[in-house]
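**Q** Protein chains in written order, with the numbering used here: chain A, 1 to 113; chain C, 1001 to 1113. Where a beta carbon is used, it is the ideal one built from N, C-alpha and C, also for glycine.
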Amino acid sequence: QKEVEQDPGPLSVPEGAIVSLNCTYSNSAFQYFMWYRQYSRKGPELLMYTYSSGNKEDGRFTAQVDKSSKYISLFIRDSQPSDSATYLCAMRGSGAGSYQLTFGKGTKLSVIP
Amino acid sequence: DSGVTQTPKHLITATGQRVTLRCSPRSGDLSVYWYQQSLDQGLQFLIQYYNGEERAKGNILERFSAQQFPDLHSELNLSSLELGDSALYFCASSVRVGPYEQYFGPGTRLTVT
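#1: If you check the beta carbons only, do C/Thr1113 and C/Thr1015 fall under 9 Å apart?
#2: Which of helix, strand or coil does DSSP assign to C/Gly1084?
#3: So A/Cys23 packs on A/Ile72, CB below 8 Å; how close in whole Å?
#4: Would you kindly work out how many angstroms separate the C-alpha atoms of C/Glu1054 and A/Ser40, rounded to a whole number?
#5: Excluding the five sequence neighbours on either side, which residues of its own chain have a C-beta within less than 7 Å of the C-beta of C/Tyr1050, listed in chain order?
#6: How many angstroms separate the CA atom of A/Pro163 from the CA atom of A/Ser110?
#7: Could you check how far apart the C-beta atoms of C/Val1004 and C/Ala1092 are, in whole angstroms? I think they sit under 8 Å.
#8: Can you list, in chain order, the residues of its chain whose CB lies under 8 Å from that of A/Gly16, leaving out five sequence neighbours each side?
#9: When you compare the segment 94-104 of chain A with the segment 1062-1075 of chain C, are there three or more beta-carbon pairs, one atom per stretch, that lie closer than 8 Å?
#10: For A/Pro44 versus C/Phe1090, is the C-beta spacing smaller than 9 Å?
#11: Taking a cut of 7 Å between CB atoms, which residues from the segment 1083-1109 of chain C lie near chain A?
#12: Among C/Tyr1035, C/Gln1036 and C/Asp1071, whose alpha-carbon lies nearest the alpha-carbon of C/Gly1052?
#13: Output, in chain order, the set of chain A residues within a Cβ distance shorter than 7 Å of C/Leu1061.
#14: Do you know offhand how far C/Ser1080's Cα is from C/Gln1102's?
#15: Of all Cβ atoms in chain C, is any one closer than 9 Å to the Cβ of A/Lys56?
#16: Look up C/Asp1071 in the DSSP assignment and say whether it is helix, strand or coil.
#17: Can you tell me where the beta strand (DSSP E) holding A/Gly54 begins and where it ends?
#18: Give the straight-line distance between the Cα atoms of A/Leu88 and C/Gln1017, rounded to the nearest whole angstrom.
#19: Would you give the residue range spanned by the beta strand (DSSP E) that C/Thr1015 belongs to?
#20: By a C-beta neighbour count over all protein chains shown, 10 Å radius and 16 as the cutoff for buried, is C/Ser1024 buried or exposed?
#21: Is any beta-carbon of chain C found at less than 9 Å from that of A/Arg41?
#22: Closer than 8 Å by C-beta to A/Ile112: which residues in its own chain qualify, once you throw out the five before and the five after it? Chain order, please.
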């Protein structure tokens, strides 16, 4: 079992839809959770950064972390064609030597005008 | 633009050769991370440097090595290249060692023929 599982999609939604992206993980040492957006042939761009369980909102994006279920989500409201990209979840521990990121394989999202 | 720069953008070379990838972190960032992204493995952590010193190692092959120089730029050296080394190589930087955000560069696409 991989440490981080993410449905690769592809996921296709109409413009204006609410998008839900998810990851599950197995390592209980993970404390910090991130979502990156990666456009084709570009570097990952940090979207959201959260610590431990709870919700965090930034504009149209909401990140949720449920440590008890080892499950994280990213919601995108009022999705736009410019949101079409691959979304990567990432996570890491809190101790020294554990700051490197472990990534899911990414979910490819297409928002259709 | 994350502020992390990587050169070259593309590299095509033959099996058995050696290449050097270069990364300049964001201004003020002391920590540099190298990641490899392939279609089958996704994004995987290779190695981390902080202020010139190696801090953590991931799934880095013995044929690969890295270093961080006094001006904080970093180089990833790949030798005895194999077809399977073809991938995107990303550098990320953060302000210090610790649970700080990592910002990714645009990557170097390596093709081994």
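**A** If we stick to the structure as given:
#1: As a working note, residue 1113 of chain C is residue 113 in the second sequence. As a working note, residue 1015 of chain C is residue 15 in the second sequence. It is a contact, given that the beta carbons lie within the stated cut-off.
#2: Sequence index remark: in the second sequence, residue 1084 of chain C carries index 84 (1-based). The answer is helix: DSSP assigns C/Gly1084 an H, G or I state.
#3: To locate residue 23 of chain A, count along the first sequence from 1; it is residue 23. To locate residue 72 of chain A, count along the first sequence from 1; it is residue 72. With 8 Å as the limit, A/Cys23 and A/Ile72 qualify as a contact, their Cβ atoms being about 5 Å apart.
#4: Within the second sequence, residue 1054 of chain C is the residue found at index 54, counting from 1. Within the first sequence, residue 40 of chain A is the residue found at index 40, counting from 1. C-alpha separation (whole angstroms): 31 Å.
#5: Start at 1 with the first residue of the second sequence, and residue 1050 of chain C comes out as number 50. Excluding residues within five positions, the ones whose Cβ falls inside 7 Å are Leu1030, Ser1031 and Val1097.
#6: Because chain A spans 1 through 113 in this model, residue 163 of chain A falls outside it and cannot be assessed.
#7: On the second sequence, residue 1004 of chain C is found 4 positions in, with the first residue counted as 1. On the second sequence, residue 1092 of chain C is found 92 positions in, with the first residue counted as 1. Between C/Ala1092 and C/Val1004 the Cβ distance is about 7 Å, and since that is below 8 Å, they are a contact.
#8: Against the first sequence, residue 16 of chain A aligns to sequence position 16. Excluding positions up to five away in sequence, the list reads Asp78 and Ser79.
#9: no
#10: Indexing the first sequence from 1 puts residue 44 of chain A at position 44. Indexing the second sequence from 1 puts residue 1090 of chain C at position 90. Cβ atoms of A/Pro44 and C/Phe1090: closer than 9 Å.
#11: Phe1090, Val1097, Gly1098, Pro1099, Glu1101, Gln1102, Tyr1103, Phe1104, Gly1105, Pro1106 and Gly1107
#12: Here the question's residue 1052 of chain C lines up with position 52 in the second sequence. Closest option to C/Gly1052, Cα to Cα, is C/Asp1071.
#13: For the purposes of this step, residue 1061 of chain C is taken as residue 61 along the second sequence, with counting starting at 1. The contacting residues do not exist; C/Leu1061 stays about 16 Å from chain A at best.
#14: Translated into the one-based positions of the second sequence, residue 1080 of chain C becomes position 80. Translated into the one-based positions of the second sequence, residue 1102 of chain C becomes position 102. Computed Cα separation, rounded: 30 Å.
#15: Stepping through the first sequence from its first residue, residue 56 of chain A is reached at position 56. False, the Cβ-Cβ gap to chain C never drops below 9 Å.
#16: The residue labelled residue 1071 of chain C in the question sits at position 71 within the second sequence. DSSP places C/Asp1071 in coil when its eight states are reduced to three.
#17: As a position in the first sequence, residue 54 of chain A is number 54, starting the count at 1. From DSSP, the beta strand (DSSP E) with A/Gly54 extends over Gly54 to Asp58.
#18: Start at 1 with the first residue of the first sequence, and residue 88 of chain A comes out as number 88. Start at 1 with the first residue of the second sequence, and residue 1017 of chain C comes out as number 17. Computed Cα separation, rounded: 32 Å.
#19: In the second sequence, the residue the question calls residue 1015 of chain C occupies position 15. No beta strand (DSSP E) contains C/Thr1015, which DSSP labels as neither H nor E.
#20: For the purposes of this step, residue 1024 of chain C is taken as residue 24 along the second sequence, with counting starting at 1. Buried, since its Cβ has 16 or more Cβ neighbours within 10 Å.
#21: Here residue 41 of chain A refers to the residue found at position 41 of the first sequence. A/Arg41 counts as touching chain C.
#22: Against the first sequence, residue 112 of chain A aligns to sequence position 112. Answer for A/Ile112: Ser12, Val13, Pro14, Glu15 and Pro81, listed in chain order.
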